[in-house]
Each structure stands twice: as C-alpha cells, then as structure tokens.
Amino acid sequence: MKLKKLRRISRRNALQLIAGFTGTAILPSISFAQSNQALNRINEITEGIGAIESDIYLDLPEIAENGNQVKVSFEMDSPMTESDHIKTVYILADGNPSPNVAKFSFTPVMGSCSATTKMRLSKTQNVYLLAENNNGQFLMTNAKVKVTIGGCGG
Amino acid sequence: MSSIKPRVKVPKEASIDEIVEIKTLIRHPMHSGRMKDADGQTIPRHIINSFSAKFNGKEIFQMNLEPSISTNPYISFQYKAKESGTFDLEWIDDNGEIYSISKNMVVS
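Protein sequences, first through last, are from chains Z and W. Per this note's numbering, the very first residue in the first sequence carries number -18; after that it's consecutive. Per this note's numbering, the very first residue in the second sequence carries number 410; after that it's consecutive.
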C-alpha cells in the first residue's frame, strides 16, 4: 500500500514535469541552429535528414596561432569495400565568410578514407566534418579551434 | 602548360596491399576574393578549385577546393597498392589553367 501511494503522480504534476524536460532540451538546440551557418549547410547537404553524431578521427589544433595555415586531418573508420564505403567528406567552418572549406570524393580502391589539407580560419570557431557513405547515411563530428590571428584577409 | 611544378611525394616501391601516402604541394596564391592589395583594391578571386588523382587512367580521388583553403594548397591522401602503375595528378584553377604531374610506383 505504501508503495502505491508514492508512485501516484497527479495529472498537473506530470504535465509540469514534461514541460520542464522538453523546455530545457529543445530551446538551446533551436537557438544554436539559427546562428550556425555550418549546421545550416549540413541541413542543406543532407536535405533535411541530418547527420548522426559519431566518433570520427578529426585532427585539428586546439589553438591555431596563424589562421592562414590550419592543418586539418581526418580518418574514417570504414572497410572501404564496394558495398560499404565512404563516398564523400565535407569540411565546414561556422565562423568563416562561407561555411564551405573542402569536399573530398573517395573511391573503394583507395582502401582507406583519410586525407589532410590546410585551411584558413578567420576567427575562433567550430570546424565540422560531414561524411556520406554509399547507402546515403550521413555522419558528423566537430571540433573547436581557437584562432590567435585570423586568416581571411578581411 | 603552366610553369608551376607541383611537388609530390609518392613511394617508389610498395608491397601488395600496403597503404601508401601521397603528399602534394603546389604553389598558388589562392586569392579568396576578400583580400585587398596595397592600394585598398580587392584582389579578384583566383583559386585552384579542383584536384584529382588517377591511377593507371582510372580516377581514384577527387577534391573540390573553396576559398577557405590556404595559399599553396597542401593535400595528402592514402591509396592501397595493388599493382605497379602511374599516378596522374591534376589541379585546375579558376582561369582554367591546368597543372599536372605523373609519378610511378612499383608494386611487388
């Protein structure tokens, strides 16, 4: 009898609880998406489907002293076979004049999905990696880079 | 043909199924279209916008470059060696200028 009493929650309390949960969960994500051109671009590329946040090796410096030459490396964990491989990888930046940095097209014969290049970052910002596999699924990750001297010649 | 010679590092020899790394560097100003010269005039956009790699005539890797890529673009990627052959690497810029280089690799 005692247990039953404890579990009983009134309808009003339940509604308040739900409102509390959803309120805290949804609000920050909305304000984040509106101000972020990289996430908008990801939405465009994936045609609204969105990407699964996953554990991808994305190597970026934590602090870039010179925003003109920021090395970016990545390696996708993929068997790279005809039936299961990464097709495309995008690098996007949310604080540059344009979010697009580079688009890489891979083929299964490469045996590995890994590349390195150097990019410009105009200020401290998040860099995103978006990858599409041959089944049309999208994966993503991001990393923050602190930039001491910006590199877009603004 | 352009006088700019890209610098490329490809292993001369590799064993079968070895993953080799191809490193490339090319001299190019990569004007993003946002920089200004000494007189305050905007320098028009002039970048390398595409890079591609072929092995024995078959395209294996392609990359689209945007103005956010640094001056003198550096690109490296990996390839699983299966047979001896030639890498043909090609860069194309906004003026339609094509820069290319070929490198051989012996696989045993």
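Yeah, the Cβ is synthetic: ideal placement off N, Cα and C, and Gly gets one too. These figures come from a predicted structure and were not determined experimentally.
Alpha carbon of Thr393(W) to alpha carbon of Ile484(W), nearest angstrom: Beyond the ends of chain W as shown, which are 410 and 517, falls residue 393(W); an answer cannot be given.
Chain-order list of residues whose beta-carbon lies under 6 Å from that of Gln50(Z) (same chain, five-residue window excluded): As a first step, residue 50(Z) is located in the first sequence; it is residue number 69 there, counting from the start. Only Lys99 meet the Cβ criterion.
Interface flag, Pro42(Z) vs chain W, CB-CB below 8 Å: On the first sequence, residue 42(Z) is found 61 positions in, with the first residue counted as 1. Answer no: the Cβ-Cβ gap between Pro42(Z) and chain W never drops below 8 Å.
Rounded straight-line distance, which links the Cα of Ser54(Z) to that of Glu25(Z): Locating residue 25(Z) in the first sequence gives position 44, where the first residue counts as 1. Locating residue 54(Z) in the first sequence gives position 73, where the first residue counts as 1. Inter-residue distance for Glu25(Z) and Ser54(Z) is about 24 Å (C-alpha atoms, whole angstroms).
Complete runs of the beta strand (DSSP E) confined to the segment 87 to 131 of chain Z [at least 3 residues]: Counting only runs of 3 or more, we get 94 to 100, 106 to 114, 119 to 130.
Selection from Asp426(W), Glu499(W), Ile413(W) that minimises the alpha carbon distance to Lys491(W): Along the second sequence, one-based indexing puts residue 491(W) at 82. Comparing Cα positions, the closest option is Asp426(W).
Residue ranges of each beta strand (DSSP E) within the segment 43 to 89 of chain Z, 3 or longer: Scanning the segment 43 to 89 of chain Z for uninterrupted beta strand (DSSP E) segments of 3 residues or longer gives 44 to 47, 51 to 57, 67 to 74, 81 to 87, listed from N- to C-terminal end.
From Gln471(W), Phe486(W), Ile501(W), residue whose alpha carbon lies closest to that of His437(W): To locate residue 437(W), count along the second sequence from 1; it is residue 28. Ranking the options by Cα distance to His437(W), first place goes to Ile501(W).
Closer than 8 Å at the beta carbon, the chain Z residues around Ile478(W): Sequence index remark: in the second sequence, residue 478(W) carries index 69 (1-based). Val82, Ala83, Thr98, Lys99, Met100, Arg101, listed in chain order.
Per-residue contacts from Tyr483(W) into chain Z (C-beta, under 9 Å): For the purposes of this step, residue 483(W) is identified with residue 74 of the second sequence, where counting begins at 1. Within 9 Å Cβ-Cβ: Gln50, Lys52, Thr97, Thr98, Lys99.
Residue burial classification, Ala447(W) (beta-carbon count within 10 angstroms, cutoff 16): Position 38 of the second sequence holds residue 447(W). Ala447(W) should be labelled exposed.
Test: Pro60(Z) CB closer than 8 Å to a CB of chain W: One-based indexing of the first sequence puts residue 60(Z) at position 79. Under the Cβ criterion of 8 Å, Pro60(Z) is not counted among the residues facing chain W.
Opposing strand residues paired with Ala423(W) [DSSP bridges]: Position 14 of the second sequence, counting from 1, holds the residue named residue 423(W). In the DSSP output, where bridge partners are listed per residue, Ala423(W) has Val516(W).
From Glu475(W), Ser479(W), Thr495(W), Gly442(W), residue whose alpha carbon lies closest to that of Glu468(W): Locating residue 468(W) in the second sequence gives position 59, where the first residue counts as 1. Checking every option, the nearest Cα to that of Glu468(W) belongs to Thr495(W).
Candidates Pro415(W), Ala423(W), Asn465(W), Val417(W), of which the one nearest Val516(W) by Cα: Translated into the one-based positions of the second sequence, residue 516(W) becomes position 107. Put simply, of Pro415(W), Ala423(W), Asn465(W), Val417(W) the residue whose alpha carbon is nearest the alpha carbon of Val516(W) is Ala423(W).
Residue from Met57(Z), Glu28(Z), Thr62(Z), Phe85(Z) with nearest C-alpha to Met472(W): Against the second sequence, residue 472(W) aligns to sequence position 63. Residue Phe85(Z) is the option with its Cα nearest to Met472(W).
Continuous alpha helix (DSSP H) stretch holding Leu20(Z): start and end: The residue labelled residue 20(Z) in the question sits at position 39 within the first sequence. Taken as a continuous stretch (DSSP letters only), the alpha helix (DSSP H) holding Leu20(Z) covers 18 to 26.
Cross-chain neighbours of Asn77(Z) in chain W, by beta carbon under 8 Å: Translated into positions along the first sequence, residue 77(Z) becomes position 96. Within 8 Å Cβ-Cβ: Ser477.
Partners in chain Z for Gln471(W), counting only beta-carbon separations shorter than 7 Å: Along the second sequence, read from residue 1 onward, the residue named residue 471(W) stands at position 62. For Gln471(W), the neighbours in chain Z by C-beta distance under 7 Å run, in chain order, Ser86.
Boundaries of the beta strand (DSSP E) in which Leu434(W) is found, first to last residue: Within the second sequence, the letter at position 25 stands for residue 434(W). Looking at the DSSP string, the run of the beta strand (DSSP E) that includes Leu434(W) is 428 to 434.
Beta-ladder partner(s) of Arg416(W), from DSSP: Position 7 of the second sequence, counted from the start, is the residue given in the question as residue 416(W). DSSP output for Arg416(W) lists Leu434(W) as bridge partner(s).
Straight-line Cα distance separating Lys68(Z) from Met61(Z): Locating residue 61(Z) in the first sequence gives position 80, counting from the first residue. Locating residue 68(Z) in the first sequence gives position 87, counting from the first residue. The alpha-carbon separation between Met61(Z) and Lys68(Z) amounts to approximately 9 Å.
Chain Z contact residues for Lys489(W), given Cβ-Cβ distances below 9 Å: Mapped onto the second sequence, residue 489(W) falls at position 80. Residues of chain Z passing the Cβ test: Met61, Val90, Met91, Gly92, Ser93.
Pick from Leu498(W), Ser459(W), Glu506(W) that is closest to Lys418(W), judged by C-alpha positions: Counting from 1 along the second sequence, the entry for residue 418(W) is found at position 9. Taking the Cα of Lys418(W) as reference, the smallest distance to any Cα among Leu498(W), Ser459(W), Glu506(W) is reached at Leu498(W).
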